[in-house]
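These notes are about the structure you will find just below.
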Amino acid sequence: MISNDSQEKLAGLRITGLPSIVPMTSSLAAAAAGLGTGLSLIIAIGAQNAYVLRQGVRREHVGIIVTICAASDAVLIAAGVGGLGALVRSMPTAVTAIAWIGAAFLVTYGLLAARRAWKHQDHLAADGTGETTLRTAVLTCLALTWLNPHVYLDTVLLLGTVGNSYGNAHWSFALGATTASILWFTTLGFGAGRLGKLLARPKAWRVLDGVIAITMITLGVAMAARS
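Here the sequence shown is numbered in numbering that gives the first Met the number 0, starting from 0 and rising by one per residue.
Next comes the structure, spelled out in structure tokens:
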């Protein structure tokens, strides 16, 4: 039989231990929600993903491209959870301006991809010819990331709003969403290199550039139509 003193000690452990267990549970739940929400938003055919895929297949500057995309998402997620989402919501004119600039960039990039597909230019064979310079790759990646209004509406506004609904666990949500971004871009960028043998054929590159052209132009036109 447990003595009265022992029962009191056990009761004290239950009472004092509860506050430390509950926050841990809520933090894990928030992190899991952030991971799931982040993946659901990022795994889609978009301008940024199409570019990461192309660079991954070409095996050009993959590490820096993946780092830029993941780091940009981390900054934007933190900004949204930190309160920037409310600021974005209050500045519709700025969002519209970014949308028009982004639409113009997407259409231009899409036309260049269409030109490559049509004229059979700038394809990378197994010997590594036609490599994109690091400067061009970085600037293109930054433009596709930061000139895309969906970045501010989805990553900042949407994830920021959902994250803040978790109260004190909002930074755990942000950590989960950031982890989703890192996992996705790493898998997409480095995993795409396995398609190198398939895309060593010029015809396959024409198909890939054609798909990228259609994706970019469609996104650009749709973006302009909504602005």
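Glycine residues also receive a C-beta, built at the ideal position from the N, C-alpha and C atoms.
Item	Value
Reduced DSSP category for glycine 45 - H, G, I as helix; E, B as strand; rest coil	coil
Span of the alpha helix (DSSP H), counted from its first residue to its last, around threonine 131	That residue, threonine 131, is in no alpha helix (DSSP H); it is neither H nor E in DSSP.
Cβ-Cβ separation, alanine 96 to methionine 215 (assumed contact under 8 Å), whole Å	Between alanine 96 and methionine 215 the Cβ distance is about 20 Å, and since that is not below 8 Å, they are no contact.
Distance CB(threonine 177)-CB(aspartate 72) smaller than 8 Å	yes
Local Cβ density within 10 Å of alanine 221, reported as buried at 16 or more and exposed below that	exposed
Cβ-based burial, proline 91 [other Cβ within 10 Å; buried from 16]	exposed
Inter-residue Cα distance where the pair is asparagine 147 and alanine 102	8 Å
Phenylalanine 104 beta carbon less than 8 Å from that of alanine 136	no
Residue burial classification, leucine 75 (beta-carbon count within 10 angstroms, cutoff 16)	buried
Proximal residues to isoleucine 100 (C-beta, below 7 Å), its chain only, five neighbours per side dropped	Leu146
Residue burial classification, alanine 228 (beta-carbon count within 10 angstroms, cutoff 16)	What is shown of the chain runs 0 to 226, which leaves residue 228 out entirely.
Proximity winner among Leu152, Gly192, Val61 and Leu27, relative to threonine 132 (alpha-carbon distances)	Val61
Residue nearest to leucine 40 in terms of C-alpha spacing, selected from Tyr151, Ala203 and Arg134	Tyr151
Closest Cα partner of isoleucine 64 within the set Leu187, Ala224 and Ala78	Leu187
Nearest-angstrom Cα separation, counted from serine 89 out to phenylalanine 184	30 Å
Valine 161 - containing alpha helix (DSSP H), residue span	158–163
Selection from Ile181, Ala191, Ala224 and Ala112 that minimises the alpha carbon distance to leucine 34	Ile181
Histidine 149 - DSSP class collapsed to helix/strand/coil	helix
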